[in-house]
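If you read the sequence shown in my numbering, its first letter stands for residue 2, the second for the next number, and so on. Okay, structure first, notes after.
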Amino acid sequence: MKLALVVNDKKIEAVKCAARIIKMFSDDGVEVGMIRQNVKTMETIDPQIAASVECFENHSLLAGWCDFAVTVGGDGTIIHMAKHAALAGKPIVGVNVGRVGFAAELETYEISELKKIIVSDYNTEKRMLLDVCVKKGDREKTFIAVNDAVISREGLSRIIDMEVSLNGENFCCYRGDGVLFSTPTGSTAYSLSAGGPIVDPNMSCLIMTPLCPYSLFSRSVVLSDKAQLSIKVHSPDNSTGFLTIDGQESEEILDDDIITVKCSSVYLSMIHLKDKNFYRLLKEKLPRSE
């Protein structure tokens, strides 16, 4: 059995927790792999532990090698590895060393629960992802979003106008700071702060929320998982906009560019080791984020 371990190595607590996880799994004969940067950081904490792991140049190679993935950090750490795990068809579970940790299954004091994976004592849950494509003339650039895709104006530019088509037909126009497209998993992230609805992550739908719209009537819209959206952005002062994916990747948007957003055919498989109720989790996590 092979474990991909991804760590937010800017947090010393996360690195120390990862060292304990490596030892725990190695004692049971599980091979552990990490990306090179994580291994270098681990060498400063425990050189012996660092020497025992397989080293990979990037997350994609690591995801292809492993049987399952464990992340140690905040939600951002899970989201980053989740895209690679989903494309490789591998399940993933997170250990929270962040502040809120909506996506994490375990806290650091619960890492012994991870041993259930060795004996297949766990369940998996499919999570919907978004396919996002930017068309710039003859060129296309594609992204996968776990939480959300955000179209926004440049920092000092004026408000932008956005034309949204749904399944090839004109749907609506927004004027404001931008528009946010979210998965159900992302409904408790930026979408929630922007006034979007909380959606059960087991559902399959697409949430569209305008950002600071110049209108009395603009509200979030929950769309079918069959919806395909096409967005054109117009800026009165010809300034650029930006497409941001999960707060981690960005692409400059110009007036002639077309952005398409739809539910992906690729699903993320989240490992559950405990009897975890989403609505109970809401009550536990939301007060901690205040």
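Cβ atoms here follow ideal geometry from the backbone N, Cα and C, with glycine treated the same way.
Using only alpha-carbon positions, find the residue among Pro202, Tyr175, Asp76, Ser192 that is nearest to Leu217. Tyr175
Report the three-state DSSP secondary structure of Ile80 (helix, strand or coil). helix
Measure how close the beta-carbons of Ala105 and Asn148 come, nearest whole angstrom, since I'm counting them as under 8 Å. Rounded, the Cβ-Cβ distance is 14 Å, inconsistent with contact.
Ordered along the chain, which non-local residues of its own chain (more than five positions away) have a Cβ less than 8 Å from that of Lys142? Cys134, Val135, Glu252
Measuring straight from C-alpha to C-alpha, what distance separates Met163 and Asp29? 55 Å
Extract the residue ranges of the beta strand (DSSP E) inside the segment 30-77, only unbroken runs of 3 or more that lie entirely within it. 32-36, 55-57, 69-74
Looking only at its own chain, which residues have a Cβ that is under 8 Å from the Cβ of Leu283, when we skip the five neighbours before and after it? Thr189, Ile199
Reduced DSSP secondary structure (H/G/I, E/B, other) of Val16: helix
Can you say whether His60 is buried or exposed, counting buried as having 16 or more other CB atoms within 10 angstroms of its CB? buried
Element boundaries [beta strand (DSSP E), containing Val250]: The amino acid occupying residue 250 in the given sequence is Glu; Val does not appear at that position. Looking at the DSSP string, the run of the beta strand (DSSP E) that includes Glu250 is 250-254.
Do the segment 224-236 and the segment 195-213 touch if we need at least three Cβ pairs shorter than 8 Å? yes
Can you grab the Cα-Cα spacing for the pair Ile160 / Asn239, in whole Å? 11 Å
Beta-carbon within less than 7 Å of Cys213's beta-carbon, same chain only, minus the 5 sequence neighbours each way: which residues are those? Gly177, Asp178
Is the Cβ-Cβ distance between Arg128 and Met271 less than 8 Å? yes
Proximity winner among Asn203, Asp76, Ile93, Ile23, relative to Tyr280 (alpha-carbon distances): Asn203
By how many angstroms is the C-alpha of Asp201 removed from the C-alpha of Asn278? 10 Å
Identified DSSP bridge partners for Cys213: The partner list for Cys213 (beta bridge, DSSP) is empty, contrary to what the question assumes.
CB-CB under 8 Å to Ile254, same chain, minus the five flanking residues each way: which ones, in chain order? Val135, Ile152, Val234, Thr241, Gly242, Phe243, Leu244, Ile260
Taking Cβ positions, are Met35 and Val16 nearer each other than 8 Å? no
With a threshold of 6 Å on Cβ separation, who are the neighbours of Asn9 within its own chain once the five nearest residues in sequence on each side are excluded? Ala15, Gly74, Thr78
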